[in-house]
Amino acid sequence: MSDLDMSQYLGIFLDEAEEQLQQLDEAVVQLEQTPDDQELLNTIFRAAHTLKGSSASMGFNRLATLTHRMESVLDSLRQGKLAVSREIIDILLASVDTLRALKDSIAAGKGEEGDVNEVVARLEAVLAGPAAPVANKAVANAELTLDDIEQNVIRAAEVKGFRAYEIRVQLEAGCQMKSARAYLVFNNLKELGEVIKSVPHTQDLEAEKFDDTFTLAFVSREDADTLANVVKSVSEIKDVLVRPIVLEEDQPAAARAGTAPGKPGVEAAGGKNGTTAPAGEHHVNQTVRVDVQRLENLMNLVGELVIDRTRLTEVGNGLKNRLGNEELLETLEEVSLHIGRITSDLQEEIMKARMFPIDQVFNRFPRMVRDLARKAGKEIDFIIEGRETELDRTVIEEIGDPLIHLLRNAIDHGIEEPEVRLHQGKPRHGTVRLKAFHQENQIVITVEDDGAGMDAEKIKAKAIARGLISPESAARLSRREALDLIFLPGLSTSDKVTDVSGRGVGMDIVRNHIEKINGTIDIRTTPGKGTCFTIKLPLTLAINRSLLVHVDGRVYAFPLANVVEIIDVTPDSIQHVHRQQVVVVRGRVLPLIYLGQALGLRTPIPAADTYAVVIVGLAEKQVGFIVDDLIGEQEIVIKSLGNFIGKIPGIAGATIMGDGSVALILDVRSLMNFVGEEADRELAS
Amino acid sequence: MATETAPEIQLVVFQLAGETYGVDINHVQEIIRMQSITAIPRTPAFVEGVINLRGRIIPILDMHKRFHLPAAETTNNTRIMVVELGQVTVGMIVDSVSEVLRLPTTSIEPPPPMISGIDVAYLKGVGKWNDRLIILLDLERVLRESEQRELQREVAAGVEIR
């Protein structure tokens, strides 16, 4: 796990740890009253176990050690090897107190400060008690300690990009063939790395001289989950714990081995006592888990506030026009300005509260890319940049699927087979680069490969062959327009169909997904050199900057993300091509339509010396909409038209204006489809 | 619904094209004055548009058009009756809202085959109150059928646009 991940998860870990501790506290106390309650024991055991797992994965060794010992004692209680006594309850409660002290110290940013040895010793004393010393010793024996030689082996492996793990395997209690299971575990792991040490020793394992737990030191390039899954694939395994081995001297470096393989030891070494917490120096803020719905509600309320802020300003202006400069009015102006600032800050803060790093989506891709590449017989370097880029959770939810599609396409159709690449003078390894960054008020995500690229002519030919366009219209398409054809349903860019992609579904869905969240997608491609898809997304879906226009006495809002530019057009510069109105803008032919007509209103274009034309772009397509009047830019809150009205072509929703009236938000995509079809239909006739 | 068991039902009584109608008060959220309505393109004629009701967008239906009654002018008495049914909230334009009254369920009779041009399917029954006839609207039918029509329109529009 990387540094970033750690700090991101630390708050969650602390929250959960507090929950587990609370539960332990209550349940242990209760256990004293009802010592025979097996269910209660199970609850306590689970809480300790959960805490152990999360502490270990966060690298908090003291927490993990202590909870591990507690678990051993609890297990003995569960199995009846020990009986609940006041003494044991005392020790368990003391353990919980120590755990809490450690947790608080972590929360304070001081790392795991506090001594666990005393409680651990007391717990061990309980275990070593006369009740069942033999059995418990076997469990204790499964503890992994590494001598100098073994540690050196691990360090050497880390330099080569391997990671060291402690794998603790617990067989099911009634397991009949323990040595056979252990053998299978060894055998499965052998394909993924090397076993450095086994506790108990392999000979003892073979001779079935172990309780039901054994621990391995293992080096591998795989991640912990993969290893755990491999072990779990063997039957009769009760539990597997895989955690990174952190050698004491270079703890911080080893913790970073995940992101910077081959560079351990670059970071300054932490204290020898192993108390260095991943959080380092900075103080950890307390976190509160909040229902997402609450954040949505807050966002809606702020939306209302944004509207009222605008109204307040309008009222102020109106009064000023009527009354001139009054002292009171100046105060009103001040107040309304201040409210405006506060509202903006509030809006921003709530937006931030809803933001997540995009890594939440990205983190599952490396594994996917690896699997897909292996399946397709490709060799691929997968590079992710900008994992920390934050965006609204509503956007995050929507962006995963399109990205999966694009990555699949890049691997399956983009990157060539290694031999083909070598033949073309390219490196064997293809590169797929996934990158996210902020640009002004947008998030930009690019998916880039250095593969075969796409040939516009081939795409045209395919579209004609599939009957998606006529040869005549194909001939008229520019290169970019031809590339856009891949977004048509039913067009695949690959000659072959694989089970990964290539069935002709995909790109249209990708674009639909992205446009649904007011995003745009662009292609740049060079045959033989590679392809780059650029996705631009709004930071949030709830509030939108819009261009307001007048048509037929009504106010309509164009999402600003879709507005390319605004131009004036004189009636005599409008030409007709196949009955479609067009105007030439900087050498480019732009289809024109009166917005009222596109909306299905019956009103004709009012006569004017010049028309205001809003040029709207979606992907590479552009259309000019003639409007009666431009009003200006404004932040608007998108509201749905509700169940009763449902979806109206051309209308994305409604918003409430400063004066309380309702304006409709235009759905640029369906409006443009309409224009395109209209033009095509007219072209065809 | 409470109306099934209660001996009487509480109605909001309104006028439409000279007839007196009633709807169960439980469905009536509020009654507001006529206000400026934002028309929505590509909707059936009876959908007048939408209004802003304290931050909510509410569709407004012209009940004259909905029931194919002769058109009426907007007067000082014209009201928008905001009704809520399940997930749907709509405003209905009616000529006037006169009162709220309690009607014993026993005085409700099934609707006669034809009343003032409104399809009987939209009616729950007819209540007699002080020699007056109050036509009880079946809101569920009125709204649900509108919705269905919406759906059909949507599909049709989809085909047309695509």
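Those protein sequences? They're chains A and B, same order as listed.
Our numbering applies: residue 55 is where the first sequence begins, and numbers increase by one.
Our numbering applies: residue 1422 is where the second sequence begins, and numbers increase by one.
Beta carbons are placed, not taken as given, at the ideal position from N, Cα and C, and that holds for glycine.
Chain B places a beta carbon closer than 8 Å to that of LYS693/A, counting this residue as a contact. Taking a cut-off of 8 Å for Cβ pairs, the region 384-403 of chain A and the region 353-364 of chain A touch, as three or more such pairs fall below it. Taking 8 Å as the threshold, the shortest C-beta distance from ILE1453/B to chain A does not fall below it. For ARG376/A, there is no enclosing beta strand (DSSP E); the residue is found in the alpha helix (DSSP H) stretching over 346-377. Think of a sphere of 8 Å around the beta carbon of ARG441/A: no beta carbon from chain B falls inside it, the nearest being about 38 Å out. DSSP places PHE264/A in the coil class of the three-state scheme, outside both helix and strand. For ARG1562/B, no chain A residue has a Cβ inside 7 Å of its Cβ, as the nearest lies near 14 Å away.
Contact check for PHE114/A and ILE160/A: beta-carbon distance about 7 Å, within the 8 Å limit, so the pair qualifies. For PRO298/A, the enclosing beta strand (DSSP E) stretches over residues 291-298.
Listed along chain B are PRO1462, ARG1463, each with a C-beta nearer than 9 Å to that of LEU653/A. A straight-line Cα-Cα distance of about 57 Å links GLU1494/B and ARG533/A.
Just measuring C-alpha positions, the residue of SER1517/B, ILE1453/B, ALA1460/B, ARG1477/B sitting nearest ALA1438/B is SER1517/B. Sorting THR448/A, ASP538/A, HIS492/A by C-alpha distance to the C-alpha of ILE513/A places ASP538/A at the top. With contacts defined by Cβ atoms closer than 8 Å, VAL668/A and ILE719/A do not form a contacting pair. Ranked by Cα distance from ARG487/A, the options GLU473/A, GLU451/A, GLY440/A, ALA515/A are led by GLY440/A.
Using a Cβ distance threshold of 8 Å, ILE497/A and THR574/A do not count as a contacting pair.
Contact annotation: VAL423/A and LEU457/A have beta-carbon atoms that are not nearer than 8 Å. By the Cβ-count criterion, ARG176/A is buried, with 16 or more other Cβ atoms from all chains shown falling within 10 Å of its own Cβ. In summary, PRO411/A is buried, with 16 or more beta-carbon neighbours lying within 10 Å of its beta-carbon over all protein chains present. For a cut-off of 8 Å, the C-beta gap from LEU156/A to GLU166/A is around 5 Å, short enough to register as a contact. At a cut-off of 8 Å between beta carbons, ALA708/A contacts chain B. The Cβ-Cβ distance between VAL173/A and LEU75/A does not fall below 8 Å. Note on geometry: alpha-carbon atoms of THR579/A and ALA529/A lie some 20 Å from one another. Taking the CA atoms as reference points, GLU212/A sits about 37 Å from ILE98/A. For LEU718/A, at least one C-beta of chain B is nearer than 8 Å to its own C-beta.
Interface criterion not met: the Cβ of PRO1533/B is under 8 Å from no Cβ in chain A.
Taking ALA102/A as reference, the option from GLN84/A, GLU86/A, GLU73/A with the minimal CA-CA separation is GLU73/A. When DSSP reads this structure, SER274/A sits in a beta bridge with ARG217/A, GLY247/A. Here DSSP, grouped into helix, strand and coil, assigns SER252/A to strand. Proximity of the region 1545-1554 of chain B to the region 1468-1478 of chain B falls short of the contact definition, fewer than three beta-carbon pairs being nearer than 8 Å.
PHE587/A sits in a strand when the DSSP states are folded into three classes. Burial state of ILE396/A is exposed, judged by a 10 Å Cβ sphere holding fewer than 16 other Cβ atoms.
Between LEU646/A and VAL637/A the beta-carbon gap is near 5 Å, inside 8 Å, which marks them as a contact. In the three-state reduction of the DSSP assignment, GLY573/A falls in the coil class, being assigned neither a helical nor a strand state. Contact annotation: the region 428-435 of chain A touches the region 458-475 of chain A, with at least three C-beta pairs closer than 8 Å.
In its chain, beyond the 5 residues on either side, PHE264 have a beta carbon closer than 7 Å to the beta carbon of ASP258/A.
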